[in-house]
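Asker:
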Amino acid sequence: MSQPKPPALLTTSAGNPIADNQNSLSAGPRGPLLLQDYQLIEKLAHQNRERVPERVVHAKGWGAYGSLTVTGDISRYTKAKALQPGAKTDLLLRFSTVAGELGAADAERDVRGFAVKFYTPEGNWDLVGNNTPVFFIRDPLKFPDFIHTQKRHPRSNLRSPTAMWDFWSLSPESLHQVTILFSDRGLPTDVRHINGYGSHTYSLINDAGERVWVKFHFKTLQGHRHWTNDEAARVIGRSRESTQEDLYAAIEKGDYPRWKMQVQVMTEAQADEWSARTGWNPFDLTKVWPHADFPPIDVGVLELNRNPDNYFAEIEQAAFSPSNIVPGIGFSPDKMLQARVFSYADAHRYRLGTHYEALPVNAPRCPVHHYHKDGAMRFFRNDSGNPDAYYEPNSFGGPREDKRFAEPPLPLHGDADRYSHRDGNDDFTQPGNLFRLFDEAQKQRLFANIAAAMQGVPEAIQRRQIALFAKCDPAYGAGVARALGLEPADDRLKGSSATDRPVEVGA
Ligand code: HEM
C-alpha cells in the first residue's frame, strides 16, 4: 500500500512557515493580543476581502466544464475554427437565474441564463444566452428600468409584483417572454432539462467573405422537466440549492448532460423577403424565426463532464461577454445585442478588475498579445518577448494587426434618430401562436401561474395586462381574467391598448 503524502507546510501568503495556526499570540494566557501577530491580522484582513460584488443580474448560478464536438457541416456558412466538422472545443457553461441574489433559492420561477465560454484556438467565443429564444424588451434603453422592476422595492425592500406587472402591461413587447415565463418552462426542475438559446441574431461569415444571419440553439438531450409552483415550494422547503445539487451530482457520477447544438440561418436576401412578407424584423429579440421558414441545422453536441474545483475562482470569477467573438462569427444590427457588446466587459471591469480576462478561468487558450498596460493585479506578461515594444506602431517587432480577419462591410441605411420600437410592431401574433400550441392543462397552469403572480397588484394594472393577453388570443385574456376572479366579458378587459398612457393607480 502506498504511503499517504505528508501534508504540505502551512505558510503565510508570502511563504513564511507558520508554527501555530490554532492559538493567537497574547501577553499571558488570557490576553490581550499583540499587534505583531501578523498571521491573525492577515487571516482577518483576507476574510474581509473574500467577496466581490455579485453580478447585478444573474447573481445566482451553477457551472461546469465540458466540450462542443462538431458532427455536422456548416463550413459553407462560417470559417470559425470551432465550428468546422470534427472540431472539439473545451468550454465552460454557467447557468443562472436572473432576478434573485447570490443566496436566492434555485427552484424559483425565472428565466435561466445559459452562458457558454468556448476556449477556441482563435480566442474565446462567449455565447451568453438564456433558456428562452426571446426577451422581455427590444430596446436596451429600457433594460435598467426592466431590471429595477425585478429587484427589490426601495421602500419595502421586497420584490414588487405591482412594479413587474406595471412595466409589463405598459410594454407589450414583453408578451412573448412573459408567456414563456409563466408557462411550464418558466420553472424547470434543474438546468440539465432546459434548452439554451443564443436568442439574438448573430452573423456567420465564410471563407469567401459571405455573411448570413444566424440564431444558435442548444436542445437538451435529457428532455424537459418542470415543477408546478406547489412542487417548487416544497422543494425550496427541503433545499434552496436544488439545481446545484442536481448538476453537481450528475456530473460527479458520470451522468454527463448533453445538448444538441443547432443553427437557423437566414441570408440577407431572405431577411428582406421575410421582413416584407411578415412585417417582422429579423433583428427583433422579442421574435423567433419560425422553424418552417428557417429549419434548424444540426451542428454538434455540447457535453458537460467536469465540475469546477473551486466555485469562487472558476464560476464566480467567470466573466462572459457577447463582445467576445471569433473570426467567422459576428454581431448583427440587433439593438439589444449592440448594447450588450458594451455592457458586459464594463460590468467585469467593475466586478472583477481591469485584468479580469487574465484570470485562469477567463484566460484564452491561445497566445494573447495586446498593448493594454498596467493597473491593479497586473500579474502577467503581455509583451511579445521584447519589452521595448510596449506601444504601437513600433520598430521592435511588437504584435501587429492582420487584415485577413476583417469582416466584409455591412451596408447600413437610415437617418440618425430615436425610432419608436413600439409603433407598427406586432407584439401579439407570436405569443398568441405559442399560447395556441399549449394543451388545455398547460393553458390552465399558465392562467393559474399568472394569477398567482398578480396577487396584490392593483386591479387597473391587472386589467391592462389582461387586455394585452386578449389581443394575443381572446381565450388567453379570458382565462387569466377568470383565474383572477374578474369578469371576462367586461369591456374594460378588451378596451385598453398597451400604448395607452399609463393609468393612474394608487400606491
Ligand atoms: C448577465 C447586462 C440582456 C443573458 C448580465 C450582466 C450584465 C448584463 C451587466 C452581469 C455581468 C457580470 O457581472 O458578470 C445586460 C444588458 C442587456 C442584457 C444591458 C440588454 C440590453 C440579456 C439577454 C440575455 C442575457 C437578452 C440572453 C439572451 C445574460 C446571462 C448573464 C447575464 C446568461 C449571466 C452570465 C454569467 O453567467 O456570468 N447581463 N443583459 N442578458 N446576462 Fe445580460
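Be aware that the sequence shown starts at 1, since it is given in full-length UniProt numbering, and climbs by one per residue.
Here a beta-carbon is modelled for each residue, glycine too, at the ideal position from N, C-alpha and C.
Keep in mind the model is a prediction, meaning the values are calculated, not measured.
(1) Would the C-beta of Ala64 count as close to ligand 1, meaning under 7 angstroms from any of its heavy atoms?
(2) Which two residues bound the contiguous beta strand (DSSP E) that contains Pro261?
(3) With Lys88 as the anchor, note down where its alpha helix (DSSP H) starts and where it stops.
(4) How should Lys43 be labelled, buried or exposed, when 16 other C-beta atoms within 10 angstroms of its C-beta is the threshold for buried?
(5) Which residues does DSSP pair with Ser67 in a beta bridge?
(6) Please indicate yes or no: does the CB of Arg114 lie closer than 7 angstroms to some heavy atom of ligand 1?
(7) Taking the C-alpha atoms as reference points, what is the distance between Trp125 and Asp417?
(8) Of the choices Met336, Glu316, Phe182, whose alpha-carbon is the least far from that of Ser323?
(9) Ignore the nearest five residues each way along the sequence and tell me which others in Val368's own chain have a CB closer than 7 angstroms to its CB.
(10) Quick one: any contact between the segment 161 to 174 and the segment 110 to 126, if contact means 3 or more CB pairs under 8 angstroms?
(11) Can you give the beta carbon distance from Val70 to Gly300, rounded, assuming they're within the 8 angstroms contact cut?
(12) What residue range is occupied by the uninterrupted alpha helix (DSSP H) comprising Leu127?
(13) With a CB to CB cut of under 7 angstroms and the five nearest residues on each side skipped, what residues in its chain are close to Val191?
(14) Using the C-alpha atoms, what's the distance from Gln150 back to Pro295?
(15) Would you tell me roughly how many angstroms separate the C-alpha atoms of Phe380 and Ala358, rounded to the nearest one?
(16) For Ile147, report the span of its alpha helix (DSSP H) as first-last.
(17) According to DSSP, is Trp213 part of a helix, a strand, or is it coil?
(18) Skipping 5 residues on each side, what residues in its chain have a beta carbon closer than 7 angstroms to that of Glu392?
(19) Looking at Leu91: is its Cβ nearer than 8 angstroms to the Cβ of Phe118?
(20) What are the start and end residues of the beta strand (DSSP E) that includes Ser203?
(21) Would you tell me roughly how many angstroms separate the C-alpha atoms of Leu221 and Ile41, rounded to the nearest one?
(22) Identify whether His46 lies in helix, strand or coil by the three-state DSSP scheme.
(23) I need the straight-line Cα distance from Ala498 to Ala45, nearest angstrom please.
(24) Closest to Ser275 by CA distance: which of Cys366, Gly424, Ile18 is it?
(25) Three-state secondary structure (DSSP) at Ala82?
(26) In terms of residues, what are the limits of the beta strand (DSSP E) holding Lys117?
(27) Determine, using beta carbons only, whether Phe182 and Tyr202 come nearer to each other than 8 angstroms.
(28) On the CB-based measure, 16 or more other CB atoms within 10 Å of its CB, does Tyr390 come out buried or exposed?
(29) For Ile180, I'd like the list of residues in its chain whose CB is within less than 6 angstroms of its CB, leaving aside the five on either flank, ordered along the chain.
(30) Which value, in whole angstroms, describes the spacing of the CA atoms of Val134 and Val341?
(31) Relative to ligand 1, is the shortest distance from any of its heavy atoms to the C-beta of Tyr119 smaller than 7 angstroms?
(32) Using the Cα positions of Thr228 and Pro172, report the straight-line distance between them to the nearest angstrom.
(33) Which residue's Cα is closest to the Cα of Asn362: Val116, Thr12, Pro7?
(34) Between which residues of its own chain and Ile18 is the CB-CB distance below 7 angstroms, once the five residues before and five after are set aside?
(35) Any heavy atom of ligand 1 inside 7 angstroms of the beta-carbon of Met336?
Answerer: Based on what the coordinates show:
(1) no
(2) A quick correction: the sequence has Met, not Pro, at residue 261. Element bounds for Met261: 258 to 267.
(3) That residue, Lys88, is in no alpha helix (DSSP H); its beta strand (DSSP E) goes 88 to 97.
(4) exposed
(5) Asp90, Glu303
(6) Here residue 114 is Phe; the residue named in the question, Arg, does not match the sequence. Because some heavy atom of ligand 1 lies under 7 angstroms away, the Cβ of Phe114 counts as near it: yes.
(7) 32 angstroms
(8) Met336
(9) Asn382
(10) no
(11) 4 angstroms
(12) Element bounds for Leu127: not the alpha helix (DSSP H) but the beta strand (DSSP E), 123 to 130.
(13) Trp62, Phe95, Arg112, Thr243, Leu247
(14) 34 angstroms
(15) 7 angstroms
(16) 143 to 150
(17) strand
(18) Tyr371, Gly398
(19) yes
(20) 202 to 205
(21) 51 angstroms
(22) helix
(23) Its pLDDT being 42, under 50, Ala498 is placed unreliably in this model, and the coordinates cannot settle the point.
(24) Gly424
(25) helix
(26) 112 to 120
(27) no
(28) exposed
(29) Thr132
(30) 18 angstroms
(31) no
(32) 26 angstroms
(33) Val116
(34) Leu10, Thr11, Thr12, Gln39
(35) yes
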